[in-house]
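Using UniProt numbering, read the sequence shown as starting at 1 and increasing by one per residue.
Even for Gly, the Cβ is constructed at its ideal location relative to N, Cα and C.
Values in this document were obtained by computation on a predicted structure and should not be read as measured data.
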Amino acid sequence: MVGLVAAGGVLSAAGVVAAPEITEAEEYSAEWWRDVLLDVPLRLAGLILIAVVTRYLLHKFINRMVRRTVEKEPPKAVLGSARAARIVFGGAGVYSERRALRAETIGSVLRSITTVLISAIAVVTALEMLGYAVGPVLASAGVLGVALGFGAQNLVKDFLAGAAMLLEDQYGVGDVVDMGHAVGTVEAVSLRITRLRSVDGTVWYVRNGEVVRVGNSSYGWSRALLDVHVPADADVARARRLLENIVTELAAEQHWGELILEPPEVWGVEDLTPDGVLIRVVMKTKPLEQWGVARELRERIKRRFDAERLTLPVATETPAAGPGSGAGDPTNPPPATSAPPPAPPPPTSSDGNP
């Protein structure tokens with residue numbers, strides 16, 4: 001008995017005794033468990049986790065940058081007072097509300113771009129993990145992209161123009177702009193269109209790719225510009241002194257002084273006409289405040305000239321795009337012109353022939 005056991009041990013050590021055979025079903029089950037249930041699903045789960053975490057981190061970074069831009073205040077220590085800091089820095093567009101709106105718009109665009117890019121990369125990588133050939137898919141997508149590019153040239157043009165407009169900060173929400181056929185206040189800005197509302201309530205949707213020129217009446221600072229018409233027989237020097245007193249008193253008041261950025265100026269005689277002379281008055285104001293300041297100034301000029309018995313036949317403002325600017329004014333549009341009278345019929349001869 002002992003000899004048999006020893007012989008068995010010798011045979012086992014020599015490798016004579018064969019290991020138990022693994023059936024094909026057991027081998028298939030092990031490979032299926034390893035490849036299908038563990039390898040590919042775990043890799044896909046890891047890919048999704050990486051994509052979600054990457055998107056979250058990028059969005060958090062973008063939101064943080066936007067929030068820092070929106071919440072940043074003008075440094076009062078630079079000029080000694082909050083009002084002076086707002087005038088200098090806010091007037092230049094560095095800490096103004098338009099900068100905050102622009103930052104939020106760009107942040108929204110960046111978040112959308114990062115989401116699309118991360119999703120596309122994750123989908124392509126997942127297809128490759130599942131064993132699909134991604135080369136033909138990418139080639140087909142490239143051909144489809146070229147076809148869509150040719151078919152949607154106007155759409156691509158709108159998006160590119162919108163991106164350039166946002167990066168260059170040409171205008172923002174709340175600005176009064178003149179885009180040629182549409183004049184009004186900007187209500188919304190996107191990569192494709194800009195929405196304006198005119199003074200009569202009409203909403204205009206302007207495609208960014210179709211904008212050739214833009215006149216912004218509220219970028220950085222504005223200027224109230226008035227041409228006061230004085231009769232030819234009036235004392236021009238006296239009229240100029242009265243205008244200087246009027247604008248100085250207006251700027252000295254607290255309410256109007258906060259809207260006027262620099263001391264008002266009376267430039268003097270701007271033009272000579274058969275009816276009299278034009279004396280120009282200018283005041284640098286905060287954005288969108290030039291029209292209210294100009295209206296108040298016109299009213300005070302009328303009262304003072306009446307009190308001084310100085311005839312004031314006409315007081316006009318130099319036309320400029322924006323509310324209260326006379327011709328081309330979106331808040332005071334010119335009256336509709338009547339149709340010209342019909343031309344008289346050509347004379348006819350006595351025999352009835354023309």
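- Item | Complete alpha helix (DSSP H) runs within the segment 246 to 273 (minimum length 4 residues, chain order) | 254 to 259
- Bridge partner(s) assigned by DSSP for ALA188: ARG195
- Message: Out of LEU191, ARG43 and ARG55, which one is the CA nearest neighbour of GLU168?
- Response: LEU191
- Item | SER218 (DSSP reduced to helix, strand or coil) | coil
- Message: For GLU308 and SER217, what's the separation of their Cα atoms in angstroms?
- Response: 35 Å
- Task: Compare the Cα-Cα distances from ILE246 to each of VAL266, ASP233 and ALA133 and report the closest residue.
- Result: VAL266
- Between THR331 and LEU288, what straight-line distance do the alpha-carbon atoms span, to the nearest angstrom? Residue placement at THR331 is poorly supported in this model, since its pLDDT is 42, which falls under 50; the coordinates are not used for a value here.
- Around the C-beta of SER140, are 16 or more other C-beta atoms found within 10 angstroms, so that it is buried, or is it exposed? exposed
- Item | Cutoff 7 Å; reference ASN154; Cβ partners in own chain excluding five residues on either side | GLY209
- Message: Mapping the DSSP letters down to three states, classify ARG309 as helix, strand or coil.
- Response: coil
- Alpha carbon of PHE305 to alpha carbon of ILE279, nearest angstrom: 14 Å
- Quick one: is ASP271 buried, meaning 16 or more other Cβ sit within 10 Å of its Cβ, or exposed? exposed
- Message: Taking contact to mean 3 or more Cβ pairs, one atom from each stretch, closer than 8 Å, check whether the segment 229 to 242 and the segment 289 to 296 are in contact.
- Response: no
- Task: Examine the Cβ distances between the segment 158 to 173 and the segment 121 to 135 and report whether three or more of them are shorter than 8 Å.
- Result: no
- Message: Is it buried or exposed, ALA252, if we count other Cβ atoms within 10 angstroms and call 16 or more buried?
- Response: exposed
- Indicate the three-state DSSP secondary structure (helix, strand or coil) for ASP39 in the structure shown. helix
- Item | Of the residues VAL66, VAL40 and GLY292, the one placed nearest LEU225, counting alpha carbons only | GLY292
- Query: GLY276: buried (16+ other C-beta within 10 angstroms of its C-beta) or exposed?
  - Reply: buried
- Query: Skipping 5 residues on each side, what residues in its chain have a beta carbon closer than 8 Å to that of VAL203?
  - Reply: GLU187, ARG195, LEU196 and ARG197
- Query: In whole angstroms, what is the alpha-carbon distance linking LYS157 and VAL206?
  - Reply: 13 Å
- Task: Would you mind working out which of ARG99, ILE193 and LEU44 sits nearest GLY172, comparing C-alpha positions?
- Result: ARG99
- Query: For ALA100, is the beta carbon positioned less than 7 Å from some heavy atom of the ligand ZN?
  - Reply: Among the components modelled here there is no ligand, and therefore nothing to report on the ligand ZN.
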